[in-house]
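Visitor: For the protein sequence lines, the chains are A and B, in the order given.
Residue 148 in numbering that gives the first Met the number 0 is what sits at position 149 of the first sequence, and the numbering runs on without skipping anything.
Residue 154 in numbering that gives the first Met the number 0 is what sits at position 155 of the second sequence, and the numbering runs on without skipping anything.
One structure follows; several queries about it will come next.
There are 2 protein chains.
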Amino acid sequence: MKLEEGKSRFIQAWGSLGSSWGISKSMAQIHALLLSSPDGLSTDEIMEQVQLSRGNVNTNVRELINWRLVRKETVLGERKEFFVALHDVHSIAQNIMEERKRRELEPVRRLLNELKTATIDGDKDEVKHFQSLISDLSDFVSQMENLTNLMTRINSNNYLQKMIKAIS
Amino acid sequence: MKLEEGKSRFIQAWGSLGSSWGISKSMAQIHALLLSSPDGLSTDEIMEQVQLSRGNVNTNVRELINWRLVRKETVLGERKEFFVALHDVHSIAQNIMEERKRRELEPVRRLLNELKTATIDGDKDEVKHFQSLISDLSDFVSQMENLTNLMTRINSNNYLQKMIKAIS
DNA sequence: CAAAAATTTCAATAATTATTGAAAGTTTAA
DNA sequence: TTAAACTTTCAATAATTATTGAAATTTTTG
């Protein structure tokens with residue numbers, strides 16, 4: 000298989016996987032391209048290699064920068080910007096985790112706290128059921144947060160990595 | 000706050016959270032309703048309480064059953080079916096994890112294995128970079144799988160739960 | 001400073017995904 | 001066996017989300 004074909008397969012597949020997560024296909028494709036390029040690429044190079052419009056590339060590259068998965072780079076004597084992916088898989092994972100935690104877990108937490116502190120009127124057993132649901136969900140969210148933190152630690156701790164494997 | 004209002008807040012919020020995951024709003028809302036109802040509900044009751052069409056309720060309830068988050072129940076002397084949510088938060092989490100693993104991790108694994116076994120032609124350094132990306136991603140997927148397994152174990156193991164908290 | 005180069009914005013449009021509802025199908029009870 | 005009760009399907013439609021591309025803005029260079 001030619002390298003170009005391999006990359007292209009990877010980019011396409013990553014794109015459709017991305018959309019089955021909550022990530023736009025373009026963003027995932029651009030990310031895949033930058034991951035597989037050792038050096039930074041310019042907007043025009045990205046546009047050409049993944050066949051997307053300038054606006055789309057601009058928007059999604061900036062989104063990738065928000066996620067801390069990509070950074071801008073300037074090259075001496077070049078006017079345009081180049082974009083380089085973070086290549087360390089553990090850091091990538093960590094940043095994705097943090098972003099998802101922020102986007103997915105925190106809003107849940109807000110809702111649950113609101114419902115936890117409210118006084119609720121109604122049929123005694125039903126209220127009890129509802130409150131215990133809310134409380135169970137809160138505990139679960141905390142557990143997820145713990146697990147996310149653990150995940151983060153794994154990066155820098157080879158021993159922990161082995162331990163996880165051992166107890167899994 | 001009236002119980003009805005609390006439930007309704009929960010249902011609405013869960014719905015919009017759901018769609019920021021990859022889950023349809025209706026499915027998340029129906030799930031929230033069933034979670035907050037101690038007893039099973041019929042299709043018509045669900046339709047009324049979340050204001051959705053019969054077809055939508057039917058489809059999404061069956062999807063919830065696929066995810067093993069809801070089960071059918073028949074009541075003696077009643078002709079219609081009732082739907083009851085799995086109420087144990089840990090089992091819920093486990094089933095969601097398993098389903099996401101199946102849907103999200105396995106397709107990645109397939110792609111990565113394909114690229115890992117192929118012989119790739121091209122500029123030596125670039126090929127090397129690409130192959131090390133693929134290999135790193137494979138390792139990462141394995142780690143995610145380990146972590147998912149760990150997650151599953153936490154359910155039945157209070158000691159493990161404390162340990163995670165301690166090392167997080 | 002002006003003009004070229006590059007970037008950003010955003011209204012219009014396309015693509016995708018979710019939802020409806022009525023018709024077809026199935027099950028149940030008398 | 002039939003009719004009512006209930007469930008399922010699916011083509012049509014609505015709603016949402018992603019993408020385009022040209023115009024506006026910003027940045028850089030001479």
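Glycine included, each C-beta is placed from N, C-alpha and C at the ideal position.
Checking 8 Å against the spacing of the C-beta atoms, do V49 of chain A and F139 of chain B come in under that value?
Guide: It is not a contact, given that the beta carbons lie outside the stated cut-off.
Visitor: Can you list, in chain order, the residues of its chain with a C-beta nearer than 8 Å to that of L32 of chain A? Leave out the 5 residues immediately preceding and following it.
Guide: Taken in chain order, the residues that qualify are K6, I10, L40, I45, Q48, V49.
Visitor: Looking only at its chain, what residues have a beta carbon closer than 8 Å to the beta carbon of M96 of chain A, apart from the 5 residues adjacent to it on each side?
Guide: Hits under 8 Å: T147, M150, T151.
Visitor: Is M26 of chain B near L85 of chain B, with beta carbons less than 8 Å apart?
Guide: The answer is no: Cβ separation not under 8 Å.
Visitor: Taking only three categories from DSSP, how would you classify V69 of chain A?
Guide: Note: V69 of chain A maps to strand in three-state DSSP.
Visitor: Closer than 9 Å, Cβ to Cβ, to anything on chain A: give me those residues from the segment 78–96 of chain B, in chain order.
Guide: Correct list: H86, D87, V88, H89, I91, A92.
Visitor: Counting only beta-carbon atoms, is L33 of chain B nearer than 8 Å to chain A?
Guide: False, the Cβ-Cβ gap to chain A never drops below 8 Å.
Visitor: Using only alpha-carbon positions, find the residue among A:L110, A:P37, A:H30 that is nearest to R61 of chain A.
Guide: Among A:L110, A:P37, A:H30, the Cα nearest to that of R61 of chain A is on A:H30.
Visitor: Just the chain B side, please: which residues come within less than 7 Å of E125 of chain A by C-beta, in chain order?
Guide: Residues of chain B passing the Cβ test: L2, P37.
Visitor: Within the continuous beta strand (DSSP E) that includes A165 of chain B, where are the two ends?
Guide: Unbroken run through A165 of chain B is the alpha helix (DSSP H), 157–166; no beta strand (DSSP E).
Visitor: Have a look at A:K71, A:K164, A:F129 and flag the residue whose alpha-carbon is nearest the alpha-carbon of S36 of chain B.
Guide: The option with the nearest alpha carbon to S36 of chain B is A:F129.
Visitor: Count the CB pairs spanning the segment 95–109 of chain B and the segment 10–22 of chain A that are closer than 8 Å, and state whether there are at least three.
Guide: At 8 Å Cβ cutoff, the stretches touch.
Visitor: Is the shortest distance between the beta-carbon of I119 of chain B and the beta-carbons of chain A less than 8 Å?
Guide: I119 of chain B counts as touching chain A.
Visitor: Report the neighbours of A12 of chain A on chain B: residues whose CB is nearer than 7 Å to its CB, in chain order.
Guide: Neighbours of A12 of chain A on chain B, chain order: L110.
Visitor: Closest by CA to D38 of chain B, which one among B:N157, B:F81, B:A92?
Guide: When only C-alpha atoms are compared, the closest one is B:F81.
Visitor: So which residues on chain B does R67 of chain A lean against when the C-beta distance must stay under 8 Å?
Guide: Residues of chain B passing the Cβ test: none, with the nearest at roughly 17 Å.
Visitor: Measure the CB-CB distance between E72 of chain B and V56 of chain B and report whether it falls below 8 Å.
Guide: Contact flag unset, no.
Visitor: How is the beta strand (DSSP E) around V83 of chain B delimited, first residue to last?
Guide: 80–84 is the extent of the beta strand (DSSP E) around V83 of chain B.
Visitor: Am I right that G14 of chain B and L2 of chain A are in contact with their C-beta atoms under 8 Å? What's the rounded C-beta distance?
Guide: Wrong, their Cβ atoms sit about 45 Å apart, outside the cutoff.
Visitor: Give me the Cα-Cα distance between T118 of chain B and V69 of chain A, rounded to the nearest whole angstrom.
Guide: Each residue's Cα considered, the two are about 28 Å apart.
Visitor: If you drop the 5 nearest sequence neighbours on each side, which residues of the same chain put their C-beta closer than 8 Å to that of V74 of chain B?
Guide: Cβ neighbours of V74 of chain B beyond the five flanking positions: G39, F81.
Visitor: State the beta-bridge partners of L40 of chain B as determined by DSSP.
Guide: Its beta-bridge partners are B:F82.
Visitor: Taking A27 of chain A as part of the alpha helix (DSSP H), name the residues at either end of that continuous run.
Guide: First-last of the alpha helix (DSSP H) with A27 of chain A: 24–35.
Visitor: If we call anything under 8 Å between Cβ atoms a contact, is E133 of chain B one with L111 of chain B?
Guide: A small fix is needed here, since residue 133 of chain B is Ile in this sequence, not Glu. The answer is yes: Cβ separation under 8 Å.
Visitor: One question on the structure: do K115 of chain A and S131 of chain A come within less than 8 Å of each other, judged by their Cβ atoms?
Guide: In this structure, S131 of chain A does not lie closer than 8 Å to K115 of chain A by Cβ.
Visitor: Within 8 Å (strictly less), CB to CB, does N157 of chain A reach chain B?
Guide: By this cut-off, N157 of chain A is not an interface position.
Visitor: What's the call for N59 of chain B, buried or exposed, on a 16-neighbour Cβ count within 10 Å?
Guide: That one is buried.
Visitor: Could you round the C-beta distance between I153 of chain B and I163 of chain B to whole angstroms and report it? I think they count as a contact, below 8 Å.
Guide: Confirmed, about 7 Å.
Visitor: How is D120 of chain B classed by DSSP in three states: helix, strand or coil?
Guide: The answer is strand: DSSP assigns D120 of chain B an E or B state.
Visitor: When you compare only the Cα positions, how much space is there between V126 of chain A and G54 of chain B?
Guide: Rounded to the nearest angstrom, the two C-alpha atoms are 30 Å apart.
Visitor: Check whether chain B comes within 8 Å of H128 of chain A, counting only Cβ atoms and requiring the distance to be less than that.
Guide: Yes, H128 of chain A lies at the interface with chain B (some Cβ there is under 8 Å from its Cβ).
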